[in-house]
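Visitor: Here it is, the structure in full.
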Amino acid sequence: MRISMFFLIILITVSCNSIQKKENTKVTISSSKPNVIVIYLDDLGYGDVSCYNATELETPNMDALANGGIRFTNAYASSATCTPSRYALLTGIYPWRNKKAKILPGTAPLLIDTLQITLPKLFKKEGYDTAIIGKWHLGLGTGVINWNEHISPGPNEVGFDDSYILAATQDRVPTVYIQNGDVVGLDNDDPIEVNYFENFKNEPTAITHPEMLTMKWHHGHNNSIVNGIPRIGYMKGGESAKWSDVDMADHFLDKVKAYVKSHKEKPFFLYYAMQQPHVPRTPHPRFIGKSGMGPRGDVILEADWCIGEFVKTLKKEGLLENTLIILSSDNGPVLNDGYFDDAVEKLGNHNPSGGLRGGKYSIFEAGTRVPFITYWEGRIEPMVSDAVICQIDLLASLASLLNTEVNDTDSKDLLSALTGNSEKGRDHLILEATGKTALRSGDWVYIPAYEGTNYREEVGIEVGNFPFEQLYNISDDAGQNNNLAQSNPEKLFEMKALFEKLRGKDYNRGVKEVKFQ
Ligand code: NG6
Ligand code: CA
């Protein structure tokens, strides 16, 4: 009886939807409950995808989503690093409002308040199943973590029914997967210990045992060695639980495929947080050499392949027409992020930032402006949108999709822009990079004066710190080469006033230069 009711409802929903489609030239978003999948890459740059004008790399599967959906040209991560961007994505709160929203070590406590509204909680309230598969990097536990016991709070306590994660980053310990709070494959006789300050007695590190390394470190990344790769932080034990780096992409892909196959009865929200092309770049052997650009290019091709396989699964399972897919990246690109892996040497003519200035860690555009694609078969019509949108807006926009709303966040309802019914995005947006903030308003970008070095030698990136204010009109100066602060004092005054109104006058307090060890 219940089953036939269920099919009746589906039938009615499906026929209503097709009626709406016929009646309107533009997409009608009905009150039905589509699945929502956020595919989130790590450090993928604005120019790393062929549909974003990369000419040296072919990413046919991301291109297929862009060509059949909306490719946004002015979409932003809220921050130029991972943790703050992910915090904003899931909570709708600007990361600079939370002083702890900085790149976290693997031992950091959970950054999100368990009482806070989050993207998965929003979906859960509307009857969805929710899951995260992939990189977390938002802290776990409340203080000291015992990795050998159930770890809580974590993703499951902020709204995810299911979680299968790596705790922090691929280059940070512990190098194990955690499923719903428990380390996967752990042998109780070989407990895991983790420490970010000091090594465990007689444990090899990159410094003491360089002969054990299959990948060399450039800066940082000289602590414990796992699978020949030196990491950030020290780890002991947990041998049977350690992940295989080269299999990580396939592993997460298997998990997301299995998840959608087993969640067809109820609508779901899935956050597929891919680890590529963050360091260490460890393509599966079948992708090695495929890009001609070394491991960084190879893992972008690997990620693209995974996306293609995943979309194929959605199609095969009959889910594509009832699934909104959103694809983006947590921050801009970096070549040398701490390992010698030929990313610089083999770059050739590829331009990961797509001509934008800066990169990961940068308050310039390349730090936060990222690929952003929405795809919904039969519901979203292909287009390119110049609307200014930010990942922080997913919370309010997806609430709107579910015919509900969220209060007291920085998130804006841009559902119309996300579905192509409007090209109107945000009026303004505060961008963040390692504690420093800037304003985009209309076509203008204002960057306050900041202490510190502009060019960060280790990573080879201009992070945007100058002892004077910067003002750019990015409609005709996308590369931010022409500082108009002096020649356009009226605009400078207007932008500064708006920045200080939104950000508060003490925006510079406590902002310290990031040390790369
Ligand atoms: C930096 C790491 C870098 C990367 C980054 C986090 C060093 C020297 N550098 O501190 O390799 O892990 O943190 O990247 O340790 S993110 O994309 O997760 O923000
Ligand atoms: Ca990142």
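If you count the sequence shown from 1, position 308 lands on 1029 in the numbering used here, and the numbers rise without skipping. All C-beta atoms in this analysis are idealised placements derived from N, C-alpha and C, irrespective of residue type, glycine included. On a predicted model such as this, the values are computed, not experimentally measured, just so you know.
#1: Return yes when at least one heavy atom of ligand 1 lies under 7 Å from the C-beta of Asn1229, else no.
#2: Which residue marks the beginning of the alpha helix (DSSP H) containing Tyr980, and which one marks its end?
#3: To the nearest angstrom, report how far apart Pro1210 and Tyr1082 are at their CA atoms.
#4: Could you tell me whether any non-hydrogen atom of ligand 2 is closer than 7 Å to the CB of His999?
#5: Suppose the cutoff is 6 Å on Cβ atoms and the five residues either side in sequence are ignored; what does the same chain contact list for Met995 look like?
#6: Is Thr802 near ligand 2 - that is, is its Cβ less than 7 Å away from at least one heavy atom of it?
#7: Under 7 Å from any heavy atom of ligand 2, does the C-beta of Asp763 make it?
#8: Ile1195 to Tyr797, Cα distance in whole Å?
#9: What does a CB cutoff of less than 6 Å around Arg1017 pick up in its chain, not counting 5 residues either side in sequence?
#10: If you drop the 5 nearest sequence neighbours on each side, which residues of the same chain put their C-beta closer than 8 Å to that of Asn1175?
#11: Using alpha carbons as the reference points, say which of Tyr885, Glu870, Ile946 and Asn877 lies closest to Ile913.
#12: How big is the Cα-Cα spacing for Leu887 and Leu1205?
#13: Less than 8 Å between the beta carbons of Leu1135 and Leu1223, yes or no?
#14: What does the alpha-carbon distance come out to for the pair Lys742 and Val905?
#15: Look at Thr835 and Glu878 and say whether their C-beta atoms are less than 8 Å apart.
#16: Tell me whether Asp1197 is buried or exposed, calling it buried when 16 or more other Cβ atoms sit within 10 Å of its Cβ.
#17: Do you know offhand how far Val1032's Cα is from Asp769's?
#18: For ligand 2, is there a heavy atom less than 7 Å away from the beta-carbon of Asn1057?
#19: Taking 7 Å as the limit between beta carbons, can you name the residues of its chain near Ser800, skipping five residues before and five after?
#20: Checking the sheet assignment: what are the DSSP bridge partners for Phe989?
#21: What residue range is occupied by the uninterrupted alpha helix (DSSP H) comprising Asp882?
#22: Bridge partners of Lys1157, per DSSP?
#23: Following a CB-centred definition, is Asp769 positioned closer than 7 Å to any heavy atom of ligand 2?
#24: What is the DSSP secondary structure of Arg893, reduced to helix, strand or coil?
#25: Should His930 go down as buried or exposed, given a rule of 16 or more other Cβ atoms within 10 Å for buried?
#26: How many Å lie between Ala979 and Leu991 at the Cα?
#27: Ser683 to Asp908, Cα distance in whole Å?
#28: Just to confirm, is the Cβ distance from Ile1110 to Phe844 under 8 Å?
#29: What are the uninterrupted segments assigned as alpha helix (DSSP H) that are 4 or more residues long and contained completely in the stretch 806–854, given in chain order?
#30: For Glu1086 and Pro1169, I'd like the C-alpha separation in whole angstroms.
#31: Considering only heavy atoms of ligand 1, does any lie closer than 7 Å to the CB of Asn923?
#32: Evaluate Gln1191 with the Cβ neighbour count: other Cβ atoms within 10 Å of its Cβ, from every protein chain shown; 16 or more gives buried, anything less gives exposed.
#33: Looking at C-alpha atoms only, which residue of Lys823, Thr828 and Asp882 is the closest neighbour of Thr839?
#34: Counting C-beta neighbours from all protein chains within 10 Å, is the total for Arg1078 16 or more, i.e. buried, or is it exposed?
#35: By the DSSP assignment, the beta strand (DSSP E) with Asp1107 in it spans what residues?
#36: Taking its Cβ as the centre, do 16 or more other Cβ atoms sit within 10 Å of Arg1269, making it buried, or is it exposed?
Guide: On the basis of the supplied data:
#1: no
#2: Met969 to Lys982
#3: 28 Å
#4: yes
#5: Leu762, Gly855 and Ala1024
#6: yes
#7: yes
#8: 14 Å
#9: Pro998, Arg1002 and Ala1064
#10: Glu1183, Val1184, Gly1185, Asn1186 and Phe1187
#11: Glu870
#12: 44 Å
#13: no
#14: Only weak support is given to the placement of Lys742: the predicted model assigns it a pLDDT of 37, under 50, and the value that follows is read from those uncertain coordinates. Computed Cα separation, rounded: 45 Å.
#15: yes
#16: exposed
#17: 20 Å
#18: no
#19: Ser806, Ala809, Pro816, Asn1052, Thr1089, Glu1153 and Ala1154
#20: Asp850
#21: Careful: Asp882 lies outside any alpha helix (DSSP H) and carries neither H nor E.
#22: Ala1154
#23: no
#24: strand
#25: exposed
#26: 12 Å
#27: The structure shown does not extend to residue 683, since the chain spans only 722 to 1238, so no value can be given for it.
#28: no
#29: 840–846
#30: 14 Å
#31: no
#32: buried
#33: Asp882
#34: buried
#35: Met1104 to Cys1111
#36: Given that the chain is displayed from residue 722 to residue 1238, the structure contains no residue 1269 and the question cannot be resolved.
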